[in-house]
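A.B. asks: Dropping the structure in here first, questions after.
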Amino acid sequence: MDMYSEFLENCQENLYWKPTDRLLLAVSGGVDSMVLLDLIQRLPKVVRPWFGMVHVNHQLREASIEEEKFLVDYCKSANISFFFKRWPVKEQPTDGVEAAARAFRYAFFRDVLREQQATHLLTGHHGDDQIETILMRLVRGGQLESIAGIKEQRSFYGSQLTRPLLPYSKKMLYQYSQERSLVFFEDETNKSLNYTRNRYRHQIVPLLKKENSQVLTHFSEFSSDLQDVIIVAKKEIEKNAASLCTEKTPFCWELDIHLFLTFEPAMKRQVMQALFNKLFKNEASEFGRKHQRQIIQLIENDKPNSQLDLPGNWIGKKVYQTFYFIKKQEQLPEKNKKIAGTLLLNLGEWLTLPSGERIGLFEATKEKAALNQTKQLIWLDPMSIQLPLNVRNRQPGDRMTLKGLKNGSKKVKDLFIDQKIPLNKREEALLVTDNKGEIIWLVEYKESRLSIVPETDKIHYILIYEKN
């Protein structure tokens, strides 16, 4: 089967496009894109949709003006819509020219796609490009999806980027161009070993072809198989990542450690990679596999509370069974919630705390005892406590009795550990003691034996804690 017949069959079998679609062909004037242009022109009308040509003159070579003029004349004679743009010399960098040229080129392609409401952008990438790309990415390093190589089709700014020549070698394209007597231009810079891709093209790939004449086929099959495996695995990985990690704010993500520890080691690594891709996409270059390993080790160790500084002003924070990814923001210092020293609380008064909350001691009335979502209270026997009360933060060595237990006491530190209270919350926790120093209430966490059940025929005090 000749190349054209095979190309026609591929277009029909793979359903690259529908007759009602609109195509843009990226044409440089080289053999790859000129073969693609000729193949598209030869398609029967039932298979060939409307198409136009897009071209960028990078103005990096003297011959580029001649090539541009040839394409202009070609499109006029063939009645093909032609869209082109020149890359201004003043915008060209001294370093990283390849990457900058590609960025300029694809930005222009994107704009024309939108203006012309085109559904597909076609490029002339072929089998030799595939093997070069896989080798380059493998040597440079990267994620599995990148190493899988060039896809025949992928999304591109709401359209499809399609490479219908990937099944064919460069040699086949040259043969086809000779058979069809196609005019094309050779870019002399393609021979320069100053460019990374050219070194692979001229020095490494020929050696592989010499080792095995089917190497292009094998790389194509490898790419196809790996992309299939990635698609299947990605669904499971993303499902696990979504169930594992939730966004609390744009700058705080919460990970369920208990669920994470149920995963196999391989799934842990892949899920962590997926989370990195999602959370740190703006700082991707700063994050590496070492950061993933560090976080997994921190999650798996026995320490209930620990922290890790990450690039880009991020921190990883483990608090018992939850791990947090937190982005530190430039903002005013948070209001200090700690109490300086000890505050006195007299009967019948409210005490406003540094956090803006308040605590009060009163003789019990129905009105005072009425609960709402912002109020907590305990009942006290006036005969069992000595006024005034003291309100403070915890101190080393604090111990308290516990409501419901007749004997003994327990360290406040151990109570925090038992309830898995985060370290920052421990420092801000409120203690209320009577004038003899006995702890009455570890506010929000534990009541002492001095907290009683109210009796209707007796006078009681109520100690009220009210949030903002």
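Quick note on our numbering: the sequence shown kicks off at 60 and runs consecutively. Each residue gets a CB set at the ideal place from its N, CA and C atoms; glycine is no exception. Nothing here was measured: the structure is a model prediction, and the numbers come from that model.
To the nearest angstrom, how far is it from the Cα of residue 260 to the Cα of residue 216?
C.D. replies: 30 Å
A.B. asks: For the putative contact between residue 338 and residue 312, defined by C-beta atoms under 8 Å, what is the C-beta separation to the nearest angstrom?
C.D. replies: 6 Å
A.B. asks: By the DSSP assignment, the alpha helix (DSSP H) with residue 274 in it spans what residues?
C.D. replies: First-last of the alpha helix (DSSP H) with residue 274: 274-303.
A.B. asks: What span of residues does the alpha helix (DSSP H) with residue 338 cover, start to end?
C.D. replies: 324-338
A.B. asks: Going by other Cβ atoms of all chains shown within 10 Å of its Cβ, with 16 needed for buried, is residue 299 buried or exposed?
C.D. replies: buried
A.B. asks: What is the rounded straight-line gap between the Cα of residue 332 and the Cα of residue 344?
C.D. replies: The alpha-carbon of residue 332 is positioned some 13 Å away from that of residue 344.
A.B. asks: With a 10 Å radius around its C-beta and 16 neighbouring C-beta atoms as the bar for buried, classify residue 400 as buried or exposed.
C.D. replies: exposed
A.B. asks: Hey, could you find the ends of the alpha helix (DSSP H) residue 122 is sitting in?
C.D. replies: Careful: residue 122 lies outside any alpha helix (DSSP H) and carries neither H nor E.
A.B. asks: Just curious, the beta strand (DSSP E) that residue 368 is in, first and last residue?
C.D. replies: 364-369
A.B. asks: Do residue 357 and residue 263 come within 9 Å of each other at the CB atom, strictly closer than that value?
C.D. replies: no
A.B. asks: Among the residues of its own chain, which have a CB less than 8 Å from the CB of residue 364, if the five just before and after it don't count?
C.D. replies: The beta carbon of residue 364 sits closer than 8 Å to those of 377, 378, 379, 481, 482, all from its chain and outside the five residues before and after it, given in chain order.
A.B. asks: Using only CA atoms, which one of 424, 502, 452 lies nearest to residue 514?
C.D. replies: 424
A.B. asks: Give the DSSP-derived three-state secondary structure of residue 418 in the structure shown.
C.D. replies: strand
A.B. asks: Buried or exposed for residue 413, going by 16 or more other Cβ atoms inside 10 Å?
C.D. replies: Exposed, by the Cβ-count rule.
A.B. asks: On the criterion of 16 or more Cβ atoms from any shown chain inside 10 Å, does residue 397 qualify as buried, or is it exposed?
C.D. replies: In summary, residue 397 is exposed, with fewer than 16 beta-carbon neighbours lying within 10 Å of its beta-carbon over all protein chains present.
A.B. asks: Between 110, 134, 144, which lies nearest to residue 578 when the distance is taken from Cα to Cα?
C.D. replies: Past the edges of the chain, shown from 60 to 527, lies residue 578, and the structure says nothing about it.
A.B. asks: Does the segment 140-156 come within contact of the segment 177-191, defined as at least 3 CB pairs closer than 8 Å?
C.D. replies: no
A.B. asks: Taking C-alpha atoms, which residue in 123, 327, 124, 189 lies nearest to residue 348?
C.D. replies: 327
A.B. asks: Using 10 angstroms around the beta-carbon of residue 391, count the other beta-carbons present and answer buried if the total reaches 16, otherwise exposed.
C.D. replies: Low confidence applies to residue 391: its pLDDT is 37, below 50, so where it sits in the model is not reliable, and the reading given next is rough at best. It counts as exposed.
A.B. asks: Tell me whether residue 310 sits in a helix, a strand or coil according to DSSP, three-state version.
C.D. replies: The DSSP-derived three-state label of residue 310 is coil.
A.B. asks: So, for residue 258: in the same chain, excluding its five sequence neighbours on each side, which residues have a beta-carbon less than 6 Å away from its beta-carbon?
C.D. replies: 252
A.B. asks: From the DSSP output, in three-state form, read off residue 192 for me.
C.D. replies: helix
A.B. asks: Among 175, 468, 499, 292, which one has its Cα closest to the Cα of residue 446?
C.D. replies: Nearest in C-alpha terms to residue 446, of all of 175, 468, 499, 292, is 499.
A.B. asks: Using DSSP bridges, identify the partner residues of residue 85.
C.D. replies: According to DSSP, residue 85 shares a beta bridge with 113.
A.B. asks: Alpha carbon to alpha carbon, how far is residue 243 from residue 254? Give it in angstroms, no decimals.
C.D. replies: 22 Å
A.B. asks: Since residue 334 and residue 97 are thought to touch, with beta carbons under 8 Å apart, how far apart are those beta carbons, to the nearest angstrom?
C.D. replies: That belief does not hold up - the Cβ atoms of residue 334 and residue 97 are roughly 47 Å apart, past 8 Å.
A.B. asks: Exposed or buried, what is residue 464 when buried is set at 16 or more other beta-carbons lying within 10 Å of its beta-carbon?
C.D. replies: exposed
A.B. asks: At what residues does the alpha helix (DSSP H) containing residue 19 begin and finish?
C.D. replies: With the chain represented from 60 up to 527, any question about residue 19 goes unanswered, as that position is not in the structure.
A.B. asks: Taking residue 449 and residue 492 to be in contact with their CB atoms under 8 Å, please state how far apart those CB atoms are, rounded to whole angstroms.
C.D. replies: 5 Å
A.B. asks: Here's the rule I'm using: 16 or more other beta-carbon atoms within 10 Å means buried, otherwise exposed. How should residue 65 be labelled?
C.D. replies: exposed
A.B. asks: Just the C-alpha distance for residue 204 and residue 236, rounded to the nearest angstrom, thanks.
C.D. replies: 33 Å
A.B. asks: So, at 7 Å on beta carbons, what are the nonlocal neighbours of residue 144 in its own chain, with the 5 sequence-adjacent residues on each side left out?
C.D. replies: 115, 167
A.B. asks: Decide if residue 77 is buried, meaning its Cβ has at least 16 other Cβ atoms within 10 Å, or exposed.
C.D. replies: Residue 77 sits exposed, since fewer than 16 C-beta atoms from the chains shown fall within 10 Å of its C-beta.
A.B. asks: Going by DSSP, what residues sit across from residue 505 in a beta bridge?
C.D. replies: 501
A.B. asks: Just checking, does the segment 268-276 make contact with the segment 117-133 on the three C-beta pairs under 8 Å criterion?
C.D. replies: no
A.B. asks: Could you check how far apart the C-beta atoms of residue 419 and residue 527 are, in whole angstroms? I think they sit under 8 Å.
C.D. replies: So it is not a contact: roughly 15 Å between Cβ atoms.
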